[in-house]
Every structure is written in C-alpha cells, then in structure tokens.
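Novice: First residue of the sequence shown: 3, per the numbering used here; consecutive thereafter.
Cβ coordinates follow ideal geometry from the N, Cα and C atoms, glycine included.
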Amino acid sequence: TEFVTVSELASMMDVDVNKLIGTLMSVGLMVSINQRLDAETINLVADEFGFKTEYVSAEVQEAVAEEMDDENDLVSRAPIVTVMGHVDHGKTSLLDHIRNTNVIAGEAGGITQHIGAYNVKLENGRNITFLDTPGHEAFTAMRARGTQVTDIAIIIIAADDSVMPTTKEAIAHAQAANVPMVFAINKIDKPGANPDKIREDLAQMNLLVEDWGGKYQCQEISAKKGIGVNELLEKVLLEADMLDLKANPNRRATGSIIESSLDKGRGYVSTVLVSNGTLRVGDDIIAGTSWGRIKAMFNVRNQRIEEAKPAEPAIILGLNGAPTAGDQFHVLETEQEVRDIANKRMQLQREQGLRTQKRLTLSDVSHRI
Ligand code: GDP
Ligand code: MG
3 TEFVTVSELA
13 SMMDVDVNKL
23 IGTLMSVGLM
33 VSINQRLDAE
43 TINLVADEFG
53 FKTEYVSAEV
63 QEAVAEEMDD
73 ENDLVSRAPI
83 VTVMGHVDHG
93 KTSLLDHIRN
103 TNVIAGEAGG
113 ITQHIGAYNV
123 KLENGRNITF
133 LDTPGHEAFT
143 AMRARGTQVT
153 DIAIIIIAAD
163 DSVMPTTKEA
173 IAHAQAANVP
183 MVFAINKIDK
193 PGANPDKIRE
203 DLAQMNLLVE
213 DWGGKYQCQE
223 ISAKKGIGVN
233 ELLEKVLLEA
243 DMLDLKANPN
253 RRATGSIIES
263 SLDKGRGYVS
273 TVLVSNGTLR
283 VGDDIIAGTS
293 WGRIKAMFNV
303 RNQRIEEAKP
313 AEPAIILGLN
323 GAPTAGDQFH
333 VLETEQEVRD
343 IANKRMQLQR
353 EQGLRTQKRL
363 TLSDVSHRI
C-alpha cells in the first residue's frame, strides 16, 4: 500500500516541511512530520503549493480509509457500479431496465428524474448503486481528479456485433483502475445474436470468461426484454462480496460530486455520492470552490431525506455554486472552515491562471517507501 508522509510530501514538492505543516494547520489539520496523509489532504495541500496531483494508483484512498477508520466502525456498503460499452450496445437500455424494475421495498413510485446515479434494492434485499453518466465520464472525470468512485464495471457488448474499439477502451479503463469487470453479452433476443463470437473476441484479448474456464464472470442478457438481468446483478454482487466493501458511517461525510446544475426555483442542485461517513441536512460542506450548509436533501426518488449513508446518492440543496462532476466533497466542522478553504482555493485558482502548473506524480511515492 502507498502512503505519503508529511516530510515525504514536502520533499516531493521541494518545500520546507515546516511551511507544509503550517499550511496543513491553516486548513485545520494538526499533523506531525511523520504522519501519513490521505489522498484528499494531499490534493488540497498540493493545490496550495501549485501542484496538480496525479494519482497513478487507485489504491491510495482505500488504503488510507483503512488506516483512518477504526475496524470496529466499518460496516458493509453497497457496491457502486458503472456500465460501459460501445455506443448502441445497450448501456441505457440496461440501466433503464434496472431502474424501472427495482424499487426500494416499501417506497412508492419509481425514479423519474435523471440525476447521474441511482440505487436499487434487489429482491434478495441487497443494494446496488449505479452511476448513470454518459460514456466513460464516470471513469475519466473522476480519475482525472484522483477519485475512484466505481467498484465494479459492467462491460456490455451486443451479441450481434463484436468487441469494438470503445469496448476495448472501456476494458482498458477498468483494468487500469483495477476495477473488476463483469461482461454482459446483450441483445441475445436478436436473430443475428452470436454470444460465442463475443466470448471468442474476449478470449483473443486474453479475457477468458468463466463458462470457458476463465476467471471473468459473464452473463447473456437482453436489456430490452429483461432476460438474464437478475442473473447479471447476482454476478455483480458476487464480485462485491469478494471486494468486501466497507465504510464507516460514524464520521463526517466525504464523497464525490456526480453532477450539478442551477435550478431556477431551488438554486444550485448537486447529485452527490457518499463514499464514507454519513451526510446530513445541516452539514457544512465544500466541493471545489463551492460551499454551503445543506438546506435539504432528496433521494433519487425525489423524497426528502435527512441523511445519506456510504454508497448512497443524494441530491443536495444549499451550495453556493455548481461544483464539477468528479470533485470531492468534504463535510467540515464549521461554516468558517468551509468558507476559508473555498476562499483559499479561489485565490489559488486566480494565481494559477498566471502560471503553468507543476505536476506531482504519486508514483514517486511508491519508490520512496
Ligand atoms: P447505448 O448507446 O449503449 O446506451 O444503447 P441503447 O440502450 O440506447 O440501445 C441502442 C439500441 O439497441 C436501441 O434501439 C435499443 O432499443 C436496442 N437494444 C438495446 N438492448 C437491446 C436488446 O437486448 N435487444 C434488442 N433487440 N435491442 C436492444
Ligand atoms: Mg445510451
């Protein structure tokens, strides 16, 4: 696992370690010289010193989460799943089918709005959260910011077509991020469907599916007719079990912005996905240079909620701007803190406009340890 201590970070950026400690103090973090920093803190201070942080390893944050949360506080959370594939191979159809057939038990009504993420409860009582952003955005936007939101990728391939360049790209994204893949061979209802040709294409890429003796889970589906979709979701849950996904609901929330907009009646509206902690109405939150106190929260069915737990998406009102998709959000203790950090970030943005950014690559870290 990869961590970076305060003194290592200082030497990577070639700044005085005391200056770095001072900066961390100014954002409310009391640290010692040998303390290991989490990815979000590194982002923040690297920003302060004019560095753009590049994460070459998606494991940084997970490792840190383990370090910071008491084992006893960790509870299982739902997997966060992204569907990727070539255009017209059936991403939207699959996500729509799942959205329309799975409603949280006891809750009336379905999901009518498109907010970039939704969660469903399956008949077996288990939850899955889907990122529903177009194309590879979930991956590229988030990864560009050093965030790893997705736990599992469904790679969808039409059985009447073949593994296309975009499919290969999606596979490469998942592999680079170390995200397990489940293959969905779609459109098996079509007369021209040839699922084995897809298995063959995958085998050519060294991706041998389970039914051919390999390690990759694969399911034939018809997103349009709903065939095989439950089986596909069971396979996704099997992957989730192997990942043993956990989070600590007993802390201030962190997570990602999925999308933001300005609503004439309600002001700035953001869809967020909690990665750790519990997000509550009344929390003071910062994301990018936007901040505010959460006035109201809604679930994906547009019902008012008071809190959102790990892996749950929520729509929040109360930010004073529209943060970018992929931005991390943090809940801090006081409004003053979020305001101060927002001001600093804005000042930095202005300054950075005047100079080219230096780059800090975190692969350097692994060489040092
Ligand atoms: P996307 O571009 O990956 O989001 O693909 P869409 O979900 O928009 O699907 C593209 C086209 O394929 C649409 O006309 C769908 O109705 C059709 N389609 C998707 N899944 C199936 C399927 O399982 N069977 C059949 N026959 N058509 C499908
Ligand atoms: Mg689509």
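Please report the distance separating the alpha-carbon of residue 262 from that of residue 215.
Specialist: Straight-line Cα distance between these residues: approximately 44 Å.
Novice: Ordered along the chain, which non-local residues of its own chain (more than five positions away) have a Cβ less than 7 Å from that of residue 251?
Specialist: Within the same chain, residue 251 has close Cβ partners 77, 279, 280, 311, 312.
Novice: Around the C-beta of residue 264, are 16 or more other C-beta atoms found within 10 angstroms, so that it is buried, or is it exposed?
Specialist: That one is exposed.
Novice: Helix, strand or coil, according to DSSP, for residue 48 in the structure here?
Specialist: Residue state, collapsed to three classes: helix.
Novice: Mapping DSSP to helix, strand and coil, what is residue 259?
Specialist: Looking at residue 259 - three-state DSSP - the assignment turns out to be strand.
Novice: Taking all protein chains shown into account, decide if residue 182 is buried (16 or more other Cβ within 10 angstroms of its Cβ) or exposed.
Specialist: Buried.
Novice: Start and end of the alpha helix (DSSP H) containing residue 297?
Specialist: That residue, residue 297, is in no alpha helix (DSSP H); its beta strand (DSSP E) goes 292-300.
Novice: Helix, strand or coil for residue 269, going by three-state DSSP, please let me know.
Specialist: Here residue 269 sits in strand by DSSP.
Novice: Please return the same chain residues whose Cβ sits closer than 7 Å to the Cβ of residue 64, not counting the five positions on each side in sequence.
Specialist: No answer about residue 64 holds up, because its pLDDT of 34 lies below 50 and its placement is not dependable.
Novice: Figure out for me which residue from 97, 75, 17, 124 has the closest Cα to the Cα of residue 47.
Specialist: Nearest option by C-alpha distance: 17.
Novice: Ignore the nearest five residues each way along the sequence and tell me which others in residue 107's own chain have a CB closer than 7 Å to its CB.
Specialist: At residue 107, the pLDDT of 41 sits below 50, so the modelled position is not reliable and the matter cannot be decided from this model.
Novice: Roughly how far, in whole angstroms, is the beta-carbon of residue 188 from the beta-carbon of residue 223, given that I think they are within contact range, below 8 Å?
Specialist: With a Cβ gap of about 5 Å, residue 188 and residue 223 count as contacting.
Novice: What does the Cβ neighbour count give for residue 351, buried or exposed, with the cut at 16 atoms within 10 Å?
Specialist: Exposed, since its Cβ has fewer than 16 Cβ neighbours within 10 Å.
Novice: Return yes when the C-beta of residue 170 is under 8 Å from any heavy atom of the ligand GDP, and no when it is not.
Specialist: Answer for residue 170: no, Cβ out of range of the ligand GDP.
Novice: According to the Cβ coordinates, are residue 256 and residue 290 closer than 9 Å?
Specialist: No, Cβ-Cβ distance for residue 256 and residue 290 is not below 9 Å.
Novice: Check this for me: beta carbons of residue 130 and residue 80, under 9 Å apart or not?
Specialist: In contact: residue 130 and residue 80 (Cβ atoms closer than 9 Å).
Novice: Do the stretch 148-162 and the stretch 287-305 meet, that is, are 3 or more Cβ pairs less than 8 Å apart?
Specialist: No, they do not touch.
Novice: Could you give the first and the last residue of the continuous alpha helix (DSSP H) run that contains residue 86?
Specialist: From DSSP, residue 86 is part of no alpha helix (DSSP H) but of the beta strand (DSSP E) over 82-87.
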